[in-house]
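Report on one structure; see the data block that follows.
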Amino acid sequence: MGRIFLFMGIQGAGKGTQAIRLAEKLGIPQISTGDIFRAIMKQDSPLGEELRAILNSGRLVSDEFTSQMVKDRIAQDDAQNGFILDGYPRTLPQVEHLDQMLAERGEKIDAVLFFDLDKDEAISRLANRRVCTANSNHTYHLIHNPPQQEGICDIDGAPLKQREDDTSEAIEKRISEYVNQTFPVVDTYKQRGIFHKIDARQSIDDVTRTMMEIAEK
Ligand code: AP5
Ligand code: MG
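Numbering-wise, the sequence shown is residues 0 to 216 according to numbering that gives the first Met the number 0.
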């Protein structure tokens, strides 16, 4: 049976940065609900417009739609040997949806990795984040992980940009949604004995080392 990891933490804690590294190491997909929504936003469709309005204001997408996206994604071939969920579940109804999905598949969560970071550092990371316009997995930080050439991706030479929801208003709203909706989810997993807290203030490589130690257990 495959291994299933959940990545949780405040916006900017480094979930995406680290999930991509673990996914590569284990050969399982990193499934980010935010990435799924941004991919739909790229298509010019009424659904894309609807999602753009929600994401850019920092609100959460509905539980039903989000869970359906996850259900469809984990049904794909590459997810049959495990997967990493980055940013899902983040409400209590989503916890229930996931429990049900996994029960139907006869699977269970191996570990919940909680990336612990304070709000001020989170806000500063988001303000300094730049993403590649060709591949959003290529993420930079202007101070901690800058590209070699300003404004250009090291990997494919495409221009870098700020994420559309990294405005001060949307960041504020995302963090308040996190405190109100996602904190209770953290508590739920703490009680299940599969919860691991990682100090996300460490350098990117140090966080990776801590994460790998947990994942290898
Ligand atoms: P999503 O895309 O998940 O965004 P988020 O929750 O705001 O989280 P981020 O991606 O901003 O943070 P991250 O932890 O991945 O940080 P990163 O690694 O990039 O969701 C977007 C939206 O989609 C939501 O607002 C909502 O509308 C919707 N959505 C998604 N999931 C949903 C769900 N389940 N239910 C309902 N709606 C949902 O790192 C940040 C920066 O810091 C980068 O610049 C990076 O280089 C840098 N950095 C990373 N680690 C370190 C380190 N250790 N030291 C220094 N710098 C670091
Ligand atoms: Mg992310």
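From the three backbone atoms N, C-alpha and C, an ideal C-beta is built for every residue, glycine too. Given the structure is predicted, the values throughout are model-derived calculations rather than measurements.
{"Query": "Roughly how many angstroms lie between the CA atoms of Tyr188 and Gly8, to the nearest whole one?", "Result": "13 Å"}
{"Query": "Would you kindly work out how many angstroms separate the C-alpha atoms of Val184 and Pro158, rounded to a whole number?", "Result": "37 Å"}
{"Query": "Should Lys14 be counted as a contact of the ligand MG given a C-beta to heavy atom distance under 6 Å?", "Result": "yes"}
{"Query": "Comparing alpha-carbon positions, which option in Glu106, Val130 and Asp155 lies nearest Asp34?", "Result": "Val130"}
{"Query": "Reducing DSSP to helix, strand and coil, say where Asn136 ends up.", "Result": "coil"}
{"Query": "Report yes if the C-beta distance between Gln29 and Ile83 is below 7 Å; otherwise report no.", "Result": "yes"}
{"Query": "What residues match up with Phe82 in a beta bridge as DSSP calls it?", "Result": "Ile3"}
{"Query": "Got a sec, what are the start and stop residues for the alpha helix (DSSP H) Gln96 sits in?", "Result": "Per the sequence presented here, residue 96 reads as His, with Gln not at that position. Taken as a continuous stretch (DSSP letters only), the alpha helix (DSSP H) holding His96 covers Leu91 to Arg104."}
{"Query": "Tell me, to the nearest whole angstrom, how far the beta carbon of Phe194 is from that of Phe113; I am working on the premise that it is less than 8 Å.", "Result": "6 Å"}
{"Query": "Starting from the Cα of Arg128, find the closest Cα among Pro88, Ile170, Pro92 and Gln93 and give me that residue.", "Result": "Ile170"}
{"Query": "Measuring CB to CB, does Gly57 end up less than 7 Å from Gly1?", "Result": "no"}
{"Query": "Using only the alpha-carbon positions, how far apart do Gly150 and Leu141 sit?", "Result": "10 Å"}
{"Query": "When DSSP labels each residue in this structure, what does Ala157 get in the three-state scheme?", "Result": "coil"}
{"Query": "Can we say the region 57-76 touches the region 87-98, given the rule of at least three CB pairs closer than 8 Å?", "Result": "yes"}
{"Query": "Would the C-beta of Gly86 count as close to the ligand AP5, meaning under 6 Å from any of its heavy atoms?", "Result": "yes"}
{"Query": "Which of the three DSSP states, helix, strand or coil, is assigned to Ala110?", "Result": "strand"}
{"Query": "Ala22: which of Leu125, Lys70, Asp77 and Arg104 sits nearest, CA to CA?", "Result": "Asp77"}
{"Query": "How many whole angstroms separate the CB atoms of Ile203 and Gly13, which I take to be in contact at a CB cut-off of 8 Å?", "Result": "7 Å"}
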